[in-house]
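Numbering-wise (UniProt numbering), the sequence shown opens with residue 1 and increments by one.
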Amino acid sequence: MEPISVIKSGRVCLVLQGRFAGKKAVVIRAYDNGTNEHKFAHAIVAGIERTPRKVTKAMDKKKAARRNKVKPFVKRVNYQHMMPTRHRYEIAKERKLIHTESLTEPALKKAAVQQIRESFEKSYKSNKSPWFFEKLRF
């Protein structure tokens, strides 16, 4: 009997190792048995490298717009290097944008990151899942 995987598409997780350690991410695609190129269990995740900053009424529009930006990342992460949480994040549109080819070709990856940025910023401005866009304090 095979164990049931908790890591599925839409699950919010924390990256534990590497450049983005301590950052929140959403699982886009999960590969429990690995792929031909990567034999280990891994997931393609989209996360937030830099969260939006606080905006006050005293700030002008240009400064407020600059502080509302989200800097995302797209990455392949080994299951052992991420910690799943109980939270989920709606990613129907993002799932169509990212696949294994978009991680290997730089032009496709840049386009995917741009699409993820637009999606995250739209979600942030509409106040969907505000906890996802807060900096993780630990």
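Just so it is clear, CB atoms sit at the ideal spot from N, CA and C, and this is done for glycine as well.
Computed from a predicted structure; not experimentally measured.
Within 8 Å, strictly: CB atoms of residue i and residue j
{"i": "residue 15", "j": "residue 23", "result": "yes"}
{"i": "residue 138", "j": "residue 48", "result": "no"}
{"i": "residue 102", "j": "residue 109", "result": "yes"}
Distance between beta carbons of residue j and residue i, contact taken as under 8 Å
{"i": "residue 66", "j": "residue 42", "result": "Not really, about 35 Å apart at Cβ, beyond 8 Å."}
Whole-angstrom distance between residue j and residue i, CA atom to CA atom
{"i": "residue 125", "j": "residue 71", "result": "14 Å"}
{"i": "residue 36", "j": "residue 25", "result": "24 Å"}
{"i": "residue 10", "j": "residue 104", "result": "22 Å"}
{"i": "residue 135", "j": "residue 107", "result": "29 Å"}
{"i": "residue 56", "j": "residue 131", "result": "19 Å"}
{"i": "residue 118", "j": "residue 50", "result": "14 Å"}
{"i": "residue 21", "j": "residue 5", "result": "22 Å"}
{"i": "residue 39", "j": "residue 100", "result": "14 Å"}
{"i": "residue 83", "j": "residue 62", "result": "37 Å"}
{"i": "residue 59", "j": "residue 31", "result": "45 Å"}
{"i": "residue 128", "j": "residue 79", "result": "27 Å"}
Neighbourhood of residue i by C-beta, 8 Å cutoff - its chain only, sequence neighbours within 5 removed
{"i": "residue 98", "result": "28, 29, 44, 46, 74, 112, 116"}
{"i": "residue 81", "result": "15, 16, 17, 18"}
{"i": "residue 33", "result": "41"}
{"i": "residue 54", "result": "67"}
Beta-carbon proximity list for residue i, same chain, < 7 Å, skipping 5 on both sides
{"i": "residue 12", "result": "24, 26, 85, 87, 88, 89, 132"}
Beta-carbon contacts of residue i that lie in its chain and below 6 Å, excluding the five residues immediately before and after
{"i": "residue 68", "result": "52"}
Chain D within 8 Å of residue i, Cβ atoms only
{"i": "residue 112", "result": "No chain D is present in this structure, which holds just one protein chain."}
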